[in-house]
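Quick note: the sequence shown, position 39, residue 40 per this note's numbering, numbers continuous.
The beta-carbon is built from N, C-alpha and C at its ideal position, and this holds for glycine as well.
Only one structure is covered here, and it is reproduced in the block below.
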Amino acid sequence: MKVIVKKNYGSSQIELEIEAQDVKEALFKGAIFTIKDQCNLCNSTDISLDGNKTEEGHTYLKRRCGKCGATSTLGTYKTGGAYFWKKFEKYQTKQEGAPPPEKSNYDTDLPF
Ligand SMILES: [Zn+2]
Numbered sequence: 002m003k004v005i006v007k008k009n010y011g012s013s014q015i016e017l018e019i020e021a022q023d024v025k026e027a028l029f030k031g032a033i034f035t036i037k038d039q040c041n042l043c044n045s046t047d048i049s050l051d052g053n054k055t056e057e058g059h060t061y062l063k064r065r066c067g068k069c070g071a072t073s074t075l076g077t078y079k080t081g082g083a084y085f086w087k088k089f090e091k092y093q094t095k096q097e098g099a100p101p102p103e104k105s106n107y108d109t110d111l112p113f
């Protein structure tokens, strides 16, 4: 049994094939993609996919809110192999922060 899911994220459309033993199992695994992508912090629907890989090889898939920058990480149920989206939240770590503004060429003292 195969279920094909088409989903829009930002300006892209992704198409997924979900293979499972029967219809119920396939829909169970695909249910995650029927959830409305809306930020629970600012209610924006400007959501795109993002992710990162750790040094240990773990892959984290995230939805990122284009308005407030909050992210929602994909979680896995302990049994059944299905996924769920965690709530949107903002991280306060320095790594996630905006890069320092570029220094202007015009604010240094000219040598004359
Ligand atoms: Zn937001």
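In terms of DSSP beta bridges, what is residue i paired with?
{"i": "Tyr10", "result": "Ser13"}
{"i": "Val4", "result": "Ile19"}
{"i": "Tyr78", "result": "Partner(s): none; Tyr78 has no beta bridge."}
{"i": "Ile48", "result": "Cys66"}
{"i": "Thr72", "result": "Arg65 and Glu90"}
Roughly how far, in whole angstroms, is the beta-carbon of residue i from the beta-carbon of residue j, given that I think they are within contact range, below 8 Å?
{"i": "Asp47", "j": "Gly70", "result": "About 11 Å separates the two Cβ atoms, so there is no contact after all."}
{"i": "Thr72", "j": "Arg65", "result": "5 Å"}
{"i": "Ile19", "j": "Val4", "result": "5 Å"}
| task | Name all residues in chain order for which at least one heavy atom of ligand 1 lies closer than 5 Å to the residue's CB. | result | Listed along the chain, these residues meet the criterion: Cys40, Leu42, Cys43, Ser45, Cys66, Lys68, Cys69 and Ala71.
| Counting pairs of beta carbons, one from the stretch 32-44 and one from the stretch 76-93, are three or more of them closer than 8 Å? | Yes, they touch.
| task | Evaluate the contact criterion for the stretch 58-67 versus the stretch 29-36: three or more CB pairs, one atom per stretch, below 8 Å. | result | No, the stretch 58-67 is not in contact with the stretch 29-36.
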